[in-house]
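Just so you know, we're using our numbering here: the sequence shown kicks off at 27 and counts up by one.
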Amino acid sequence: MGMRYLTAGESHGPQLTTILEGLPAGMPLLAEDINTELARRQQGYGRGRRMQIEKDTVQITSGVRHGQTLGSPIALVVENNDWKHWTKIMGADPLIEGQEDEVKRKITRPRPGHADLNGAIKYGHRDMRNVLERSSARETTVRVAAGAVAKKLLSLVGVTLVSHVVEIGGIKAKANANLTIDELKERTELSPVRCADPEVEQEMMDAIDTAKKNGDSIGGVVEVIATGMPAGVGSYVQYDRKLDAKLAAAIISINAFKGVEFGIGFEAARKPGSEVHDEIIWDQENGYTRKSNRLGGFEGGMSTGMPIVVRGVMKPIPTLYKPLMSVDIDTKEPFSASVERSDSCAVPAAAVVAEHVVAWELANSLIDQFYSDRFETFAAEIKRQRDYAREF
27 MGMRYLTAGE SHGPQLTTIL EGLPAGMPLL AEDINTELAR RQQGYGRGRR
77 MQIEKDTVQI TSGVRHGQTL GSPIALVVEN NDWKHWTKIM GADPLIEGQE
127 DEVKRKITRP RPGHADLNGA IKYGHRDMRN VLERSSARET TVRVAAGAVA
177 KKLLSLVGVT LVSHVVEIGG IKAKANANLT IDELKERTEL SPVRCADPEV
227 EQEMMDAIDT AKKNGDSIGG VVEVIATGMP AGVGSYVQYD RKLDAKLAAA
277 IISINAFKGV EFGIGFEAAR KPGSEVHDEI IWDQENGYTR KSNRLGGFEG
327 GMSTGMPIVV RGVMKPIPTL YKPLMSVDID TKEPFSASVE RSDSCAVPAA
377 AVVAEHVVAW ELANSLIDQF YSDRFETFAA EIKRQRDYAR EF
């Protein structure tokens, strides 16, 4: 069956919640495992004022006892510190007579590039705050929380993940093929823009500053690498069981992401097949490996045992201090789009979000494929699969 999760909560509501189902019993899990990842999401050069307001920490309210998962649903809650300023505007209770005028910030002016207008049309909302509060990237807080639990599971069975920024505003980092995953992680965590290339780090920050000064925003490209996945995870027999397809959907589901690629990705369209596919080799110690990893760790929708390499393209954030033109849905008059609090560049933070949605899908694929009621049995099954693939 695998794992699943749902999230709930609005950007300025009292809290964000996620419920996870399908984790095996007996897996070590602490709140600190999640809080460490939530803190990483809030960092990064170019973040807005909201990150100064919120200091995200999780409450584990079910499914874990004395540091061990129980096998039952896990509920995670992250409170919004800013809620105290929004209790009337975002409260759940009906408004009393005469209170409508007191509750301000009704939104009838959709912002280009956001979910505002389409969401209002879909659900019939004349106040588009009902849309933007949920469509906000604030929701990725609990997606990272869910991914942190998955990342913990992966770490316990030998799968390691790292995310980093490879491009911001057209400024590209040099390839880091010679770095180990631990070295890449160390460099990235020390960088304000989560970039492992120190030569372009300052140039990226200058581009973010320029965009902010001009009331604009810039996007970029992030990369997630996962090592240690056993070969043969996923499937070729049905389209919806291909692991790379699931990862692609997860990346595109992140707010503002518009493209995804694996390995050399779209560059494969400009190369002959002999320069795209990875030759297979075998040795007694490692079993089957590849001479290269141009396909990013996938063949036929399944993991090859090579590092999984996936990149996502993030468009510039559409909330601009140099607003674009739109139309008021009540008056039908044109106007300059309104501004909520915004980041001039959220690419560094988005890399962390991408890392965690990838972690969830990888963990889910392992849970789906290997016996998973008890963690110790699950871990033993994965070790058995690695041994089997090596000796095949």
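No residue lacks a Cβ here, since even glycine has one placed at the ideal position from N, Cα and C.
- For the set E215, A406, D399 and A141, the Cα lying nearest the Cα of E47 is the one of D399.
- The continuous alpha helix (DSSP H) containing M230 extends over residues P224 to K239.
- Here the segment 164 to 184 makes contact with the segment 383 to 397; the two share three or more CB pairs at distances below 8 Å.
- Rounded to whole angstroms, the gap between the alpha carbons of H92 and T83 is 19 Å.
- Nearest to A172 by alpha-carbon distance, out of N107, V384, A294 and D309, is V384.
- About 5 Å separates the Cβ atoms of A282 and M340, confirming a contact at the 8 Å cut-off.
- CA-to-CA, the gap between K297 and F288 works out to about 15 Å.
- The beta carbons of E381 and V250 sit closer together than 8 Å.
- In this structure, L273 keeps its C-beta atom at 8 Å or more from the C-beta atom of M328.
- Beyond the five residues adjoining it in sequence on each side, M53 comes within less than 8 Å, by CB distance, of Q94, T95, K178, L179, L182 and F401 in the same chain, given in chain order.
- In terms of Cβ geometry, I393 and T134 do not form a close pair [threshold 8 Å].
- Out of L216, L55, V168 and L49, the CA that lies nearest to the CA of I280 is found in V168.
- Cβ-Cβ separation between Y71 and P256: approximately 37 Å, too far for a contact (criterion under 8 Å).
- Per the Cβ contact rule, the segment 139 to 156 is not in contact with the segment 118 to 127 (fewer than 3 Cβ pairs under 8 Å).
- DSSP places K284 in the uninterrupted beta strand (DSSP E) bounded by F283 to F288.
- V157 carries a helical assignment under DSSP once its states are collapsed to helix, strand and coil.
- Shown here, S391 sits in a helix according to DSSP, grouped into three states.
- For D413 and M332, the gap between their C-alpha atoms comes out near 15 Å.
- Closest in C-alpha terms to A51, from the list T403, K409 and P344, comes T403.
- By the Cβ-count criterion, D369 is buried, with 16 or more other Cβ atoms from all chains shown falling within 10 Å of its own Cβ.
- Of the residues assessed, M116 falls on the buried side of the cut-off, its CB having 16 or more other CB atoms within 10 angstroms.
- Just measuring C-alpha positions, the residue of Q395, E407, A405 and A406 sitting nearest M27 is Q395.
- The distance from the Cβ of A376 to that of V248 is about 6 Å, consistent with a contact at the 8 Å cut-off.
- Close CB contacts of S98 within its chain, under the 6 Å cut and outside five residues either way in sequence, are with G89 (chain order).
- Taking C-beta separations shorter than 6 Å and ignoring five residues to either side along the sequence, the partners of V192 in its chain run A199, V247 and E249, following chain order.
- Between T43 and A101, the beta carbon gap of about 7 Å places them in contact (Cβ cut-off 8 Å).
- The straight-line gap separating the alpha-carbon atoms of G291 and Y265 is approximately 19 Å.
- Between G338 and G260 the beta-carbon gap is near 19 Å, outside 8 Å, which marks them as no contact.
- Look at T214 here: in three-state DSSP terms it is helix.
- It is roughly 56 Å from the alpha-carbon of T315 to the alpha-carbon of S362.
- Of the residues G39, Q411, V103 and K148, the one whose Cα lies closest to the Cα of T113 is G39.
- K110 and E305 have their alpha carbons spaced roughly 59 Å apart.
- The alpha-carbon separation between V378 and R66 amounts to approximately 7 Å.
- Boundaries of the alpha helix (DSSP H) around T62: A57 to R67.
- When secondary structure is reduced to three states using DSSP, K409 falls in the helix class.
- Residue environment: I307 is assigned as exposed (fewer than 16 neighbouring CB atoms within 10 Å of its CB, all protein chains considered).
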